[in-house]
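For reference, the structure is listed below as structure tokens.
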Amino acid sequence: MSTAPPRTDAGDPTPAHARRVARATFIGTAIEWYDFNIYGAAAALIFAPQFFPNFSPAAATLAAFGTFAVGFIARPVGGIVFGHFGDRLGRKQTLVASLLLMGIGTFLIAVLPTYSAIGIAAPILLVALRFVQGLGVGGEWGGAVLMAMEHAPPGRRGWFSSFPQMGLPAGSLSALVVFLVSSLAFGREGFAAWGWRIPFVLSALLVVVALVIRLRLTESPEFRATQRTEGVRRLPVLEVLRTSPRNVVLGMGITLAPSSFGYLLSVYLLSYGTGTVKLPQQTMLLTIIGGSVLYLAVTITAGALCDRVGPVRIFLLASGLGVVVPFAVFGLMDTGATPAVAVAMLLMGLVLGMLAAVQAIIVSGAFPTAVRYSGASLSYQFGAVLGGGVTPLLAATILAATGTSQAIAAYIGLLSLISGLAVWRLAARSPAADEAAAAPVSATA
1 MSTAPPRTDA GDPTPAHARR VARATFIGTA IEWYDFNIYG AAAALIFAPQ
51 FFPNFSPAAA TLAAFGTFAV GFIARPVGGI VFGHFGDRLG RKQTLVASLL
101 LMGIGTFLIA VLPTYSAIGI AAPILLVALR FVQGLGVGGE WGGAVLMAME
151 HAPPGRRGWF SSFPQMGLPA GSLSALVVFL VSSLAFGREG FAAWGWRIPF
201 VLSALLVVVA LVIRLRLTES PEFRATQRTE GVRRLPVLEV LRTSPRNVVL
251 GMGITLAPSS FGYLLSVYLL SYGTGTVKLP QQTMLLTIIG GSVLYLAVTI
301 TAGALCDRVG PVRIFLLASG LGVVVPFAVF GLMDTGATPA VAVAMLLMGL
351 VLGMLAAVQA IIVSGAFPTA VRYSGASLSY QFGAVLGGGV TPLLAATILA
401 ATGTSQAIAA YIGLLSLISG LAVWRLAARS PAADEAAAAP VSATA
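Heads up, the sequence shown is in my numbering, so the first residue is 1 and it goes up one at a time.
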């Protein structure tokens, strides 16, 4: 007996199955970002002394953030590879492969010996495994967003495409909670010595759960229809660069703000708060968790409003706030007062949730179905490198060079301005951009 989900007369999965797909993309993306972000938390708190003990504290922190950035260097490579196969073979298979790759890389970090045990091989292997993580997450975002969006009922594409975006704060939040619980359970010395490995080990169990869920999904009906009517492109990455290069560049620009805000919240401010402001580690983890909770709540709310208000309008408002909010965030942080720091994290979560909720529908909607996985992945992953991957490293460098956190705020504000201009330009090039949630959008060259 067939186990395929029931279908409508049009041949597409029922709305009930579409909702299951959306939930599955949320769960899988949350697990992938849990894996990706526990590395960020470990880089901020653990990896400097464990893997770079012969460096000065400042140099060790920069080295640890440098290994963090390696994952972002790998993400465009993963986006290109998985985008190619996602546009040729389908979204589902690539999502399963990306999850496996991420899970394997994360588990091997959990059992990796430190510098004291194997010397220089330790940081080398750490960099290699971070690269593997980057490859996996590089293929995740495009596939998850497209599976959710291309299964969506008419007029609900914005809401459905926000489900994978909800996985980002959920994964980050889960990573921070597990790190907080582990640090409290094992104490400062025990956590630094070996307790930090527990969050990485837990990822193996989570990956098994996500794999079972993803293997039960069906392929995107929109992709199947394009296969039947248009066939598949031999080299979809080259085609999207030939036909829609401006949209790729604009998509990269759109990604700068949400990516920089995301890793400022989840990675750099954790290091800045504990190292520069001298706040307790648990205090910083708790306030960032509070910001991440609001980030998730705002993503859900903005995603629900997206189909009625329009994604471009929401993003333009958020990017405008993103120009000024970083100055308030660092001003509040520098007071060293816990309530002020908590407000700073909530401001971060507010802006980030608005940006993230509508980013997916805007970027992915800029490309036709046949090359959408490649186009969306190129835009998102290269933008994430420039906006998020180097943010902790550049922020630390800017602070060392200028001595003031307001210089970091100016840098983040500039990225937000660029993202706002990129969305405005994309909307001007394609008048239907703000209605991308309602129906598939085919980009012009």
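All C-beta atoms in this analysis are idealised placements derived from N, C-alpha and C, irrespective of residue type, glycine included. None of the values given here were measured: they were computed from a predicted structure.
* Asked: Is the distance from the Cβ of residue 145 to the Cβ of residue 376 below 8 Å?
  -> Position 145 of the sequence shown holds residue 145. Position 376 of the sequence shown holds residue 376. Yes, the Cβ-Cβ distance between residue 145 and residue 376 is below 8 Å.
* Asked: In three-state DSSP terms, what is residue 113?
  -> By one-based count along the sequence shown, residue 113 stands at place 113. Residue 113 sits in coil when the DSSP states are folded into three classes, being neither helix nor strand.
* Asked: Buried or exposed: where does residue 372 fall if 16 or more other Cβ atoms within 10 Å of its Cβ makes it buried?
  -> Counting from 1 along the sequence shown, the entry for residue 372 is found at position 372. Residue 372 comes out buried.
* Do you know whose CA, among 103, 277, 19, 61, lies nearest residue 48's CA? -> As a working note, residue 48 is residue 48 in the sequence shown. A check of alpha carbon separations from residue 48 across 103, 277, 19, 61 identifies 61 as the nearest.
* **Own chain, CB closer than 8 Å to residue 338, minus 5 neighbours either side, in chain order** => Residue numbering aside, residue 338 sits at position 338 when the sequence shown is read from its first letter. Here residue 338 has 279, 283, 287 as same chain residues with Cβ atoms under 8 Å from its own Cβ, once five neighbours each way along the sequence are excluded.
* Would you mind sorting residue 401 into buried or exposed? The rule is 16 or more other CB atoms within 10 Å of its CB. => In the sequence shown, counting from the first residue as 1, residue 401 sits at position 401. Exposed is the label assigned to residue 401, since fewer than 16 other Cβ atoms lie within 10 Å of its Cβ.
* Asked: Helix, strand or coil for residue 92 per DSSP?
  -> The count along the sequence shown starts at 1 and reaches residue 92 at position 92. Residue state, collapsed to three classes: helix.
* Inter-stretch contact (C-beta, 8 Å, three-pair minimum) for the region 303-319 and the region 416-428 -> The region 303-319, when compared against the region 416-428, does touch it at the 8 Å Cβ threshold.
* What alpha helix (DSSP H) runs, 4 residues minimum, are completely inside the region 22-61? -> If only complete runs of 4 or more residues are kept, the region 22-61 shows the alpha helix (DSSP H) at 47-51, in order along the chain.
* Whose C-beta lies closer than 8 Å to the C-beta of residue 254 among residues of the same chain, with five residues either side of it excluded? -> As a working note, residue 254 is residue 254 in the sequence shown. Around residue 254, the same chain offers 315, 359, 362, 363, 379, 383, 419, 422, 423, 426 as residues with beta carbons nearer than 8 Å, after the five sequence neighbours per side are excluded.
* My guess is that residue 78 and residue 125 are in contact by the Cβ rule of under 8 Å, so how many angstroms apart are they, rounded? -> By one-based count along the sequence shown, residue 78 stands at place 78. By one-based count along the sequence shown, residue 125 stands at place 125. Contact check for residue 78 and residue 125: beta-carbon distance about 19 Å, past the 8 Å limit, so the pair fails to qualify.
* **Pick from 73, 93, 68 that is closest to residue 82, judged by C-alpha positions** => By one-based count along the sequence shown, residue 82 stands at place 82. From the listed residues 73, 93, 68, the smallest Cα separation to residue 82 is found for 93.
* Asked: For residue 155, which three-state DSSP category applies?
  -> What you label residue 155 is simply residue 155 of the sequence shown in a count that begins at 1. Three-state result, residue 155: coil.
* Run of the alpha helix (DSSP H) containing residue 313, from where it starts to where it stops -> What you label residue 313 is simply residue 313 of the sequence shown in a count that begins at 1. It spans 311-333 - the alpha helix (DSSP H) in which residue 313 sits, taken as one unbroken run.
* **Pairwise C-alpha distance: residue 300 and residue 428** => Residue 428 sits at position 428 when you count from the first residue of the sequence shown. Residue 300 sits at position 300 when you count from the first residue of the sequence shown. If you draw a straight line from the Cα of residue 428 to the Cα of residue 300, it is about 27 Å long.
* CB-CB length for residue 292 against residue 176, believed under 8 Å -> Against the sequence shown, residue 292 aligns to sequence position 292. Against the sequence shown, residue 176 aligns to sequence position 176. That belief holds up - the Cβ atoms of residue 292 and residue 176 are roughly 6 Å apart, short of 8 Å.
* Asked: Just the Cα atoms here: how many angstroms apart are residue 311 and residue 326?
  -> Sequence index remark: in the sequence shown, residue 311 carries index 311 (1-based). Sequence index remark: in the sequence shown, residue 326 carries index 326 (1-based). Distance between the alpha carbons of residue 311 and residue 326 is about 23 Å.
* **Three-state secondary structure assigned by DSSP to residue 232** => By 1-based counting over the sequence shown, the position of residue 232 is 232. Coil, per DSSP.
* By Cβ distance, which residues of its chain are closer than 8 Å to residue 70, with the 5 residues on each side in sequence left out? -> For the purposes of this step, residue 70 is identified with residue 70 of the sequence shown, where counting begins at 1. Around residue 70: 127, 130, 131, 134.
* If we count the other Cβ atoms within 10 Å of its Cβ and call it buried at 16 or more, is residue 54 buried or exposed? -> Along the sequence shown, one-based indexing puts residue 54 at 54. Flag for residue 54 reads exposed.
* Do residue 170 and residue 160 have their CB atoms nearer than 8 Å? -> For the purposes of this step, residue 170 is taken as residue 170 along the sequence shown, with counting starting at 1. For the purposes of this step, residue 160 is taken as residue 160 along the sequence shown, with counting starting at 1. By the CB criterion at 8 Å, residue 170 and residue 160 fall outside the cutoff.
* **Simplified DSSP assignment, three categories, for residue 172** => What you label residue 172 is simply residue 172 of the sequence shown in a count that begins at 1. Of the three classes helix, strand and coil, the one that applies to residue 172 here is helix, per DSSP.
* For residue 26, collect the residues of the same chain with a Cβ closer than 6 Å to its Cβ; drop the 5 residues on either side in sequence, then sort them by chain order. => Translated into the one-based positions of the sequence shown, residue 26 becomes position 26. Contacts found: 163, 166, 167.
* CA-CA distance, residue 309 and residue 110? -> For the purposes of this step, residue 309 is identified with residue 309 of the sequence shown, where counting begins at 1. For the purposes of this step, residue 110 is identified with residue 110 of the sequence shown, where counting begins at 1. Going by the C-alpha atoms only, they are around 44 Å apart.
* C-beta atoms of residue 140 and residue 220 nearer than 8 Å -> To locate residue 140, count along the sequence shown from 1; it is residue 140. To locate residue 220, count along the sequence shown from 1; it is residue 220. Result no, Cβ atoms of residue 140 and residue 220 do not sit closer than 8 Å.
* Using three-state DSSP, classify residue 119 as helix, strand or coil. => Position 119 of the sequence shown, counted from the start, is the residue given in the question as residue 119. In the three-state DSSP reduction, residue 119 falls in the coil class, being neither helix nor strand.
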